[in-house]
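Engineer: One structure, as C-alpha cells, below. Some questions next.
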Amino acid sequence: MLIVAVGDVHAPKYFKEFLSALSRVNWSGSNALVLLAGDLVDKGKIEFMKPVIKAIHSSINGVIIGIFGNEEYDSLKDKIRSEYNSIIWLDDEVYYYEHEDSKIAIIGSRGVLDKPTLWQRRNIPNIEEVYAERLEKIEYLLKKVPLGYTIILLTHYAPTYLTLEGEDKRIWPMLGSKRLEKLLLKYQPKLAIHAHAHKSTRHEAYVKSTQVINVSFPARRSIVTMNLKRQDSGLERFLFK
C-alpha cells in the first residue's frame, strides 16, 4: 500500500514547487493513504488550501488525512473542517484505516513543544497547560489502539529532537518535544511523521523501533512516498520508494 506524506506547503508560498513535486510522484494507479502534516497554508490564509487539496485529489485515489499546523489557527479549525470536508481532519484524535490486509491507526495532533514560542506565551496564557493536556491525550490514544493495528503518529511539531539537526539548537525546544519522545520510547508506534522543521538536514531517524520522518516540504523539496509491506513475521514495515 502506498503512503504519501507532506507538510509545510505554506500556500501560496511554496505552491508552484509543490505542484512540480506532486507531478513527480509515481502513484502507479493504486489507492493511497495521504497524510498532511499541517501548515498547508501560510499565516491562516485558508482560501489557498483549496488549490492544494484540489491538486492532490486530481492526482490520487485514496483517503486523505490532515492535521492542523500552527498556521492553521485555532479560530479557523471549524471553518477548515466545514469547507474542506473531503479531508479527515484529526485534532488529538485517532482514525482507523483498513485496506486489504493492512490495519492502521493514525493518531493525529498538532503536537507538543517543550518551550512555547514567545508569541504563544504572549497570546495563549495557558499554553503550558494546553501542551500538558495534549501530551496526556496523545498517551491515552496510543494506549487505546487495539492489538493488530500498525500505529502512525502524525504531528506537526517534531516528536523528537533527532530530526531537528540543521536547525539552530537554541530553538529546538520551540520546534519539538523530548517529552513526546518518551512516549515513542514507551509505546513504539511503527512510524512518527512530522513537519515544522524547515531547515532540518536529518530527515529520518529512529527512536528505538519507531521510524521518525520529517516531511516538511521546505526541508526536502519533495513529497515523501512509502510502501507498507508485510514481512514473513506478520509485522509491517515501511520502505521508501
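Quick note on numbering that gives the first Met the number 0: the sequence shown kicks off at 0 and runs consecutively.
Backbone N, C-alpha and C fix where the C-beta goes; we use that ideal spot for every residue, glycine too.
(1) Would residue 54 and residue 5 be called neighbours here (beta carbons separated by less than 8 Å)?
(2) How about residue 47 and residue 109: are their beta carbons less than 8 Å apart?
(3) Give me the Cα-Cα distance between residue 160 and residue 226, rounded to the nearest whole angstrom.
(4) Can the beta-carbon of residue 61 be found closer than 8 Å to that of residue 31?
(5) Can you tell which of 82, 181, 26 and 44 has the C-alpha that lies nearest to the C-alpha of residue 57?
(6) Compute the distance between the beta-carbons of residue 211 and residue 194, then report whether it is under 8 Å.
(7) Should residue 167 go down as buried or exposed, given a rule of 16 or more other Cβ atoms within 10 Å for buried?
(8) Comparing alpha-carbon positions, which option in 172, 112 and 158 lies nearest residue 181?
(9) At the level of alpha carbons, what is the spacing between residue 38 and residue 89?
(10) So, does the region 134–154 touch the region 84–99, judging by three or more C-beta pairs under 8 Å?
(11) Taking DSSP's pairing of strands, which residues face residue 164 in a bridge?
(12) What residue ranges within the region 94–146 form continuous alpha helix (DSSP H) runs of no fewer than 4 residues, ordered along the chain?
(13) Let me know the secondary structure DSSP gives residue 33 once reduced to three states.
(14) In whole angstroms, what separates the C-alpha of residue 173 from that of residue 127?
(15) Taking residue 190 as part of the beta strand (DSSP E), name the residues at either end of that continuous run.
(16) Does residue 24 come out as helix, strand or coil in the three-state DSSP assignment?
(17) Use the C-beta contact count for residue 189: other C-beta atoms within 10 angstroms, 16 or more gives buried, fewer gives exposed.
(18) Shortest alpha-carbon distance to residue 217 belongs to which of 2, 3, 0 and 17?
(19) Would you check if the distance between the CB atom of residue 215 and the CB atom of residue 197 is smaller than 8 Å?
(20) Identify whether residue 13 lies in helix, strand or coil by the three-state DSSP scheme.
Structural biologist: Taking the coordinates as given:
(1) Cβ atoms of residue 54 and residue 5: not closer than 8 Å.
(2) Not closer than 8 Å, so no.
(3) Each residue's Cα considered, the two are about 25 Å apart.
(4) Yes, they are a contact pair.
(5) If we check each option's Cα against that of residue 57, 26 comes out closest.
(6) No, Cβ-Cβ distance for residue 211 and residue 194 is not below 8 Å.
(7) Counting every other CB atom within 10 Å of its CB across the protein chains shown gives residue 167 a total below 16, marking it as exposed.
(8) For residue 181, the closest C-alpha among the options 172, 112 and 158 is that of 158.
(9) Approximately 14 Å, taken between the alpha carbons.
(10) At 8 Å Cβ cutoff, the stretches touch.
(11) DSSP, once it has assigned bridges, lists 166 as partnering residue 164.
(12) The qualifying runs are 117–122 and 126–143.
(13) Residue 33 sits in a strand when the DSSP states are folded into three classes.
(14) C-alpha of residue 173 to C-alpha of residue 127: approximately 12 Å in a straight line.
(15) It spans 190–193 - the beta strand (DSSP E) in which residue 190 sits, taken as one unbroken run.
(16) Correct three-state label for residue 24: coil.
(17) Label assigned to residue 189: buried.
(18) Comparing Cα positions, the closest option is 17.
(19) In this structure, the beta-carbon distance from residue 215 to residue 197 falls below 8 Å.
(20) Looking at residue 13 - three-state DSSP - the assignment turns out to be coil, as it is neither helix nor strand.
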